[in-house]
Amino acid sequence: MSLDFCSQHLLAYDNSLITSENEIKTKTEENFALVLKKINELTNQRNDEGELFYTLTQDNVFNLPRYSKFPEAKKPTRWELFSQTKLKKKKNKHGLIYDENSKGWVRRFQKKQIKINKEKSDFVHEYKPSDNIYEDPFEKMEEEKDIKKMKQKMREMKNKFEQQGISSQDIKYIQKQKRKRENLIDNLKMAQISSSTFGRYDKKLKKEKKLKVKNKNEYFKEHFGVHFTLY
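If you count by numbering that gives the first Met the number 0, then the sequence shown holds residues 0 to 230, one letter each, in order.
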């Protein structure tokens, strides 16, 4: 019989030719009996409930192709490297944390609520000798929060760039090139409006874009605060 059976994937393959439809039923019955025989030859055992379990082997007969390519290993972020090397987290299985401000228990995944309760409890601010008495301390705290958020956002962006292989020097180079382009556009605009006709009758380059320029009165009023009247 030309039946190949893989005891690792429980697959059977018959490469024999079938010349008529009558052979399909006969071939199916023969192969089904052979598959059952191969399965019964595997190591088996029964559990306490009497169910029969078979142990698969590592004999791979068929090399099954992979549908998609293996995923590329992502470069770990700075936080992942820090947590793997230096940070040692202590696992606490308790689901509640005691909050000193509200004198009660808060769920562990609601740690933010503890911080909110602490901020609400600090409704009185005591001035120190070095503090400015004319400065609102609560506005100052809000500004510090915004600054922390901005710094955190910058760190996240920096980590993403590092993960993609982009260094801070590359970012500085891109910003420098962008400033050069902006300066070039400003210089071109100044050159186009430097004549008395605001560049309407001046010679232009082959691919020079026509910039939208306001009239003289609007331009000088916007940049110098002076209004000119032409006679």
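Glycine included, each C-beta is placed from N, C-alpha and C at the ideal position. Quantities reported herein were computed from a predicted structural model and do not represent experimental measurements.
{"Item": "Leu-33 and Leu-55 - do their beta-carbons sit closer together than 8 Å?", "Value": "no"}
{"Item": "Look up Gln-162 in the DSSP assignment and say whether it is helix, strand or coil.", "Value": "helix"}
{"Item": "Classify Phe-52 as buried or exposed, calling it buried when 16 or more other Cβ atoms lie within 10 Å of its own Cβ.", "Value": "exposed"}
{"Item": "With a cut-off of 8 Å on the beta carbons, I'd call Arg-45 and Asn-158 a contact; round off their distance for me.", "Value": "Not confirmed; about 54 Å, so no contact."}
{"Item": "To which residues of the same chain is His-124 closer than 8 Å at the C-beta, ignoring the five residues directly before and after it?", "Value": "Pro-136 and Phe-137"}
{"Item": "Does the segment 6-25 come close enough to the segment 67-75 to have 3 or more Cβ pairs within less than 8 Å?", "Value": "no"}
{"Item": "I need the straight-line Cα distance from Lys-102 to Gln-163, nearest angstrom please.", "Value": "46 Å"}
{"Item": "State the Cα-Cα distance for the pair Leu-80 and Glu-155, rounded to the nearest angstrom.", "Value": "14 Å"}
{"Item": "Leaving aside the five residues before and after Ile-38 along the sequence, list all residues of the same chain whose C-beta is less than 8 Å from its C-beta, in chain order.", "Value": "Leu-9 and Tyr-53"}
{"Item": "For the segment 18-61, which segments carrying the alpha helix (DSSP H) assignment without a break, of at least 4 residues, lie completely within its bounds, in sequence order?", "Value": "21-39"}
{"Item": "Does Glu-142 pass the burial test, meaning 16 or more other C-beta atoms within 10 Å, or should it be called exposed?", "Value": "exposed"}
{"Item": "Pull up the CB-CB distance for Asp-47 and Ser-6, whole angstroms please, since I reckon it's below 8 Å.", "Value": "Wrong, their Cβ atoms sit about 26 Å apart, outside the cutoff."}
{"Item": "Do Ser-194 and Asp-201 have their CB atoms nearer than 8 Å?", "Value": "yes"}
{"Item": "Whole alpha helix (DSSP H) runs in the segment 129-163 with 4 or more residues, listed along the chain?", "Value": "136-162"}
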